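Everything below concerns the one structure shown next.
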Amino acid sequence: MQKKQQLCILGATGSIGVSTLDVVARHPDRYGVFALTAHSQVKKLAEQCALFLPKVAVVGTAKAANELAALLKEMQLSHIDILFGPEALCQVASANECDSVMAAIVGAAGLPASLAAARAGKKVLLANKEALVMSGQIFIDTIRESGAAILPIDSEHNAIFQCLPDHYNRVPGQHGIHKILLTASGGPFLHRDVATLDDVTPEQAIAHPNWVMGRKISVDSATMMNKGLEVIEAHWLFAAPADQIEVLIHPQSVVHSMVSYVDGSVMAQMGNPDMRTPIAYGLAYPERMDSGVAPLDFLKLKGLHFEAPDFQRFPCLKLAYDALRAGKSAATILNASNEVAVQAFLDKRIGFRMINQIIQRTLEKMPAVHTLDLETILACDVEARSIAEAMISS
Ligand code: NDP
Ligand code: MG
């Protein structure tokens, strides 16, 4: 019998974490859970511990760790080790006992642990796109040096990965690739009068038409910064220049992305919009296994529609392309200021249309510098956050 793959799930209590555990629960013969991590949802983590019996559980703070210890004691699960804080995330992500790491913490907070998994040569299932956007070259170099495998979980990148040739070796020019076509739903405000976008509430912004996701990525989808981050993510994952990555609005979210080849062929990956498909693909790669997702019923589709994105409506998408072309630390600044602005919008401190303005002004205020190591990237992240926060406060 094959040895069970031991998993570390970073961000187990989030949308991707929960979908991952749903897939894992369908295959108890293939996967064991070494570690589960959360930040503050202690009760949810305790419930997951009871079902998946990890060796280690990690939370954000000492207080949360004490709460978790009390809950696990009540559940007679005191044998589960409890750790807390950012260093503990890196520790479980690089532990010898773990084979694969689902990197599903949201935002910059996920970078050190995602990178630790890459450095330790793990199979890295990357959902945490912000980590790659922030650290780009360093992340890819680390993967190469350690021999780690990186499997994109973001549905578009997972689709592209599936549409590329098996022997694709990060030199796209040699494989006759014309364009990478990144599809985007357009989010909840695709057809809303732009003049009224200042009035939208966080509740309206996070009500995504096709996907159920965490709050931050849902707002990113409404501004299309999510697609902007994904353009940068695709650049690093597939060594594609900005001009080779084209965004197409596709409101049905059935075609998850495509690769267009020089001979006129276009390969598309399709399916119902459910993250368990890319998660199962990443977990089982190079095999396939049941994910719980229903097969796509073509007879029920009401057409597939495609249109070009409008940069006036979605200025964040343009800011992301510009940051990718500017290089150096521009993407780190873009990501950090976006995280601050999105949180401020969710906290009702700024309007929806202020998000792109905060990002643009932060990029203007901070000159892009070379980012050769993690320390410089993290310092740049901190500085961009404080500039964006100061703007919001004033
Ligand atoms: P959620 O907000 O639903 O979950 C985030 C997870 O990260 C939770 O487990 C949360 O813990 C944990 N977390 C939050 N802050 C910290 C922190 N400071 N330190 C450690 N852990 C933290 O996010 P999603 O699952 O939606 O997204 C996760 C990542 O996957 C993001 O990078 C997103 O862009 C990407 N992604 C998500 C998709 C989706 O469909 N949801 C699709 C494609 C990509 P707690 O619950 O305790 O707060
Ligand atoms: Mg995506």
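Sequential numbering of the sequence shown, starting at 2, is according to our numbering. All residues carry an ideal CB built from backbone N, CA and C; glycine is no exception. Note that the coordinates shown come from a computational prediction; the quantities given were computed from them, not determined experimentally.
Query: Report the partner residues of Phe307 according to the DSSP bridge assignment.; Result: DSSP, once it has assigned bridges, lists no residue as partnering Phe307.
Query: What are the start and end residues of the beta strand (DSSP E) that includes Glu247?; Result: 246-250
Query: Check the DSSP bridge columns for Ser261 and list the partner residues they point to.; Result: Lys180, Val267
Query: Any chance you could list the beta strand (DSSP E) runs of at least 3 consecutive residues sitting entirely within the stretch 50-95, in chain order?; Result: 57-60, 82-85
Query: Check the DSSP bridge columns for Ser101 and list the partner residues they point to.; Result: Leu8, Lys124
Query: Where in the stretch 185-253 do unbroken runs of the alpha helix (DSSP H), each at least 4 residues long, occur, reported from the N-terminal end onward?; Result: 203-206, 216-224, 226-239
Query: What I want to know is whether the C-beta of Ser95 ends up closer than 6 Å to one or more non-hydrogen atoms of the ligand MG.; Result: no
Query: With a cut-off of 7 Å, give the chain-ordered residues whose Cβ is closer than this to any heavy atom of the ligand MG.; Result: Asp155, Ser156, Glu157, Asn227, Glu231
Query: Cβ atoms of Asn336 and Leu297: under 7 Å apart, would you say?; Result: no
Query: Taking Cβ positions, are Met259 and Cys317 nearer each other than 7 Å?; Result: no
Query: Does the beta-carbon distance from Leu198 to Arg354 come in below 7 Å?; Result: yes
Query: Return yes when at least one heavy atom of the ligand NDP lies under 6 Å from the C-beta of Met225, else no.; Result: no
Query: Where does Leu126 land, buried or exposed, given buried means 16+ other C-beta within 10 angstroms?; Result: buried
Query: Which residues in the same chain have their Cβ closer than 8 Å to the Cβ of Leu325, if we skip the five residues on either side of it in sequence?; Result: Val232, Ile233, His236, Ala243, Ala331, Ala332
Query: Does the ligand NDP have a heavy atom nearer than 6 Å to the CB of Ala185?; Result: no
Query: With distance defined between alpha-carbon atoms, name the residue in His371, Thr377, Gln163, Ile334 nearest to Val389.; Result: The sequence shown places Ala at residue 389, not Val. With distances taken between Cα atoms, Ala389 lies closest to Ile334.
Query: Any heavy atom of the ligand NDP closer than 6 Å to the CB of Ser41?; Result: yes
Query: If you drop the 5 nearest sequence neighbours on each side, which residues of the same chain put their C-beta closer than 8 Å to that of Pro44?; Result: The question names Pro, but residue 44 in the sequence shown is Lys. These residues qualify, in order along the chain: Leu72.
Query: Pairs of beta-carbons, one from the stretch 45-63 and one from the stretch 304-314, closer than 8 Å: are there three or more?; Result: no
Query: By DSSP's criteria, Tyr322 is part of a beta bridge. Which residues make up the other side?; Result: Partner(s): none; Tyr322 has no beta bridge.
Query: In angstroms with no decimal places, state the Cα-to-Cα distance between Ala105 and Gly12.; Result: 5 Å
Query: Please classify Pro287: does DSSP put it in a helix, a strand, or coil?; Result: coil
Query: Any heavy atom of the ligand NDP inside 6 Å of the beta-carbon of Asn357?; Result: no
Query: My output table needs one value for Gly18: the three-state DSSP class, helix, strand or coil.; Result: helix
Query: How do the stretch 199-213 and the stretch 288-302 stand: do at least 3 beta-carbon pairs fall below 8 Å, yes or no?; Result: no
Query: If we count Cβ pairs, one from each stretch, closer than 8 Å, do we get three or more for the stretch 184-198 versus the stretch 241-256?; Result: yes
Query: So, helix, strand or coil for Ala118, using DSSP?; Result: helix
Query: Quick one, which of Ala342, Lys228, Gly177 has its alpha-carbon nearest Val263's?; Result: Gly177
Query: Shortest alpha-carbon distance to Ile360 belongs to which of Ile378, Gly229, His168?; Result: Gly229
Query: Any heavy atom of the ligand NDP closer than 6 Å to the beta-carbon of Met271?; Result: no
Query: Could you tell me which residues DSSP pairs with Gly33 in its beta bridges?; Result: Gln7
Query: To the nearest angstrom, how far is the alpha carbon of Pro368 from that of Ala285?; Result: 43 Å
Query: The ligand NDP and Met135: does the residue's C-beta get closer than 6 Å to at least one heavy atom of that ligand?; Result: no
Query: Which of the three DSSP states, helix, strand or coil, is assigned to Val343?; Result: helix
Query: According to DSSP, is Ile151 helix, strand or coil?; Result: strand
Query: Under three-state DSSP, which class holds Thr38?; Result: strand
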